[in-house]
Amino acid sequence: MRKKKIFLVDDDELIVMIFATSLRAEGYEVRAETTTDDIVNKIRSWFPDIILLDVNLPGMSGIEILKELKGFRAHIIMLTADDSAETAVKAMKLGAADYVTKPFNMEEVKIVIRNCLEKMRLEQEVEHLRKISCEYFEKEMVGESEMIRDLREKIERLAEARVPSILITGESGTGKEVVARNIHRLMYESECVPRREPFVAVNCAALPEHLLESELFGAERGAFTDAKADRKGVFELANGGTILLDEIGEMNPGLQSKLLRVLEERVVRRIGGKEDMPVEVTVIATTNKNLSQAMKNGEFRNDLFFRLSTFYLHVPPLRERKDDIPLLARYFLSYFCRRYNRKAIQKFSEEAEKCLVSYNWPGNIRELKNVVERLVVLENAAEILPRHLPHWLSAQSPAGNAPLDQYFVLPEGGISLEDLEKSLIVQALTRANHNQTLAAKLLNMSYYALRYQIKKLKLEQEEGEEVEESIK
Ligand SMILES: Nc1ncnc2c1ncn2[C@@H]1O[C@H](COP(=O)(O)OP(=O)(O)OP(=O)(O)O)[C@@H](O)[C@H]1O
Ligand SMILES: [Mg+2]
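The sequence shown begins at 0 in numbering that gives the first Met the number 0 and counts up one residue at a time.
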């Protein structure tokens with residue numbers, strides 16, 4: 000284990016010598032300074048665990064140094080003269096962890112240091128536990144709507160049967176990955192044994208074809224110019240567990256047929272390799288594409304589709320299970336309050352929940368989660384009211400069902416319809432983070448109709464094809 004580091008600042012050379020010798024003998028790494036020249040920087044750049052700081056120093060008092068170190072992670076122990084109890088109290092108020100008084104009893108100093116280190120260890124442990132419980136939160140599948148219950152039941156059945164492959168479809172942000180992780184958890188995790196089987200996710204849209212191939216199947220040394228060593232592919236890495244092929248609809252047909260071979264024969268061969276290796280993995284593929292359409296267009300192989308879709312799950316969009324919106328919103332609220340250690344916000348007002356429910360959430364659960372995270376970080380009100388919500392949400396209710404002419408009133412001097420259209424399209428694109436599929440939904444038009452309008456209104460300079468789907 001790394002030696003704990005103690006930084007000592009005292010102008011009394013004798014004290015420095017005694018402290019340094021006896022603390023080093025205890026196994027600590029010690030650095031000492033007898034002047035205050037550039038002291039704050041010296042302390043910060045050495046990353047000590049504990050700082051022993053004399054109160055009476057020439058040039059700059061210990062209290063001033065303490066103030067400058069506010070927020071620094073090390074614990075500070077003040078060294079004070081007997082008659083300055085008042086100063087010690089002040090120091091504690093300013094964030095010092097403890098103090099010892101002169102004349103020093105070395106044993107007492109050692110005990111104070113040990114207690115401080117123990118306190119730090121406990122603090123770190125609490126932080127660690129908080130993180131772990133947050134990670135657990137990430138996998139939780141919240142929802143009590145009919146659709147989610149039905150999905151949960153199917154997940155349980157598929158996991159129990161240990162089916163070899165599953166296809167999960169659904170719009171972006173609906174929770175396909177959460178479903179995949181739940182299947183994995185149910186398949187391999189028993190109540191008392193922590194999960195050891197690997198879960199490896201690969202995003203098929205994120206890598207160019209040749210890289211994706213070596214990522215999936217691995218490569219032998221020299222298989223291509225930059226393959227300097229044998230490399231395991233994710234099928235090998237996930238052996239015994241689950242592999243998640245995210246956005247399978249983006250995989251090119253050549254690679255699709257290689258994948259089909261793995262699924263049928265349950266063996267992989269590294270690129271440039273001569274031997275087949277048996278693999279025992281559950282393959283879960285996800286897509287937000289319409290694969291039937293992709294098959295018609297010749298972009299997705301029929302045989303792979305039929306192989307994958309024997310067991311098929313659909314995750315419905317959030318707007319089709321509005322009952323779950325308040326549950327999810329409350330869940331994310333408590334999650335982010337915990338994660339950011341924010342205690343101010345307690346709940347959504349009834350009106351605010353109505354706004355959340357009446358919005359149609361084109362970005363689904365991910366969008367809802369982001370909205371709540373933003374509120375937790377930026378708002379301080381005990382109760383979230385409609386006015387705290389992003390304006391496109393608060394405009395929903397009760398006016399959400401109001402006739403259009405209550406919102407858009409034609410100005411006295413008239414308006415250019417084309418300019419208005421342009422402006423609304425730009426606003427929709429901005430709100431959808433330039434994801435044209437989502438922007439089209441906001442405008443209640445098809446993706447192709449939006450592409451057509453972007454072209455017609457000459458907006459395409461800013462909105463090239465390549466930005467489409469790039470932000471998820
Ligand atoms: N039922 C749920 N309960 C709680 N959180 C959820 C639920 N479903 C999804 N989430 C959260 O919403 C976010 C998006 O989910 P996920 O990544 O699974 O979506 P996805 O369908 O895979 O999206 P994409 O198609 O963009 O990859 C994640 O942060 C996830 O933790
Ligand atoms: Mg995903």
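Note that beta-carbon positions come from the ideal geometry of N, C-alpha and C, so glycine has one too. No experiment lies behind these values; they were computed from the predicted model shown.
Per DSSP, Glu246 has no beta bridge partner at all.
In the DSSP annotation of this structure, the continuous segment of the alpha helix (DSSP H) that includes Ile364 starts and ends at Asn363 to Leu377.
Counting only unbroken stretches of 4 or more residues, the alpha helix (DSSP H) elements lying wholly within the segment 45-113 are 61-67 and 84-92, in sequence order. About 6 Å separates the CB atoms of Glu155 and Leu185; that is less than 8 Å, so the two are in contact. Residue Phe216 holds the alpha-carbon nearest to the alpha-carbon of Asn238 among Phe216, Met250 and Met105. Listed by position in the chain, the residues whose beta carbon lies within less than 7 Å of some heavy atom of ligand 2 are Lys175, Glu176, Asp245 and Thr285. Closest by C-alpha distance to Ser291, out of Ser308, Asp275, Glu417 and Thr20, is Ser308. Across the set Glu274, Ala328 and Arg1, the C-alpha of Ala328 shows the shortest separation from the C-alpha of Val375. According to DSSP, Tyr311 shares a beta bridge with Leu166.
Counting every other CB atom within 10 Å of its CB across the protein chains shown gives Ser213 a total of 16 or more, marking it as buried.
In summary, Ser393 is buried, with 16 or more beta-carbon neighbours lying within 10 Å of its beta-carbon over all protein chains present. Excluding the 5 residues flanking it on each side, Leu332 has same chain C-beta neighbours closer than 6 Å at Val371, in chain order. Annotation: Ile270 to Ser164 spans about 23 Å, alpha carbon to alpha carbon. A straight line joining the alpha-carbon of Ala218 with that of Arg230 spans about 5 Å.
Counting every other CB atom within 10 Å of its CB across the protein chains shown gives Ile110 a total below 16, marking it as exposed. Annotation for Glu208: the continuous alpha helix (DSSP H) segment containing it runs Glu208 to Phe216.
Collapsing the DSSP output to three states places Arg269 in coil. Ala158 and Arg180 have their C-alpha atoms some 11 Å from each other. Three or more pairs of CB atoms, one per stretch, sit closer than 8 Å, so the segment 430-443 contacts the segment 361-369. Relative to Ala205, the option among Trp391, Asp245 and Val177 whose CA is nearest is Asp245. With the rule of 3 Cβ pairs closer than 8 Å, the segment 39-49 counts as touching the segment 73-81.
Remark: C-beta atoms of Val39 and Gly169 do not approach each other more closely than 9 Å.
Here Lys295 is not near Glu249, since their CB atoms are 9 Å or more apart.
The nearest non-hydrogen atom of ligand 1 is 8 Å or more from the C-beta of Met250. Using a cutoff of 8 Å, the CB of Arg337 does not count as near ligand 1, since none of the ligand's heavy atoms is closer than that. Around the CB of Ser171, 16 or more other CB atoms lie within 10 Å, so the residue is classed as buried. Inter-residue distance for Glu417 and Pro389 is about 27 Å (C-alpha atoms, whole angstroms). For Asn289, the Cβ stays outside the 8 Å cut-off from all heavy atoms of ligand 1. The alpha-carbon separation between Leu262 and Leu303 amounts to approximately 9 Å.
Under the criterion of beta carbons closer than 8 Å, Arg300 and Gln255 qualify as touching, at roughly 5 Å.
Out of Leu243, Val8 and Ala160, the CA that lies nearest to the CA of Asn55 is found in Val8. Distances from the alpha-carbon of Ile147 to those of Leu326, Leu384 and Leu423 put Leu326 closest. In its chain, beyond the 5 residues on either side, Leu93 have a beta carbon closer than 7 Å to the beta carbon of Lys66. Annotation for Ile364 indicates a beta carbon within 8 Å of some heavy atom of ligand 1. Under DSSP, Met276 shares a beta bridge with Val267. Annotation: Phe299 is outside any alpha helix (DSSP H) and is labelled neither H nor E by DSSP.
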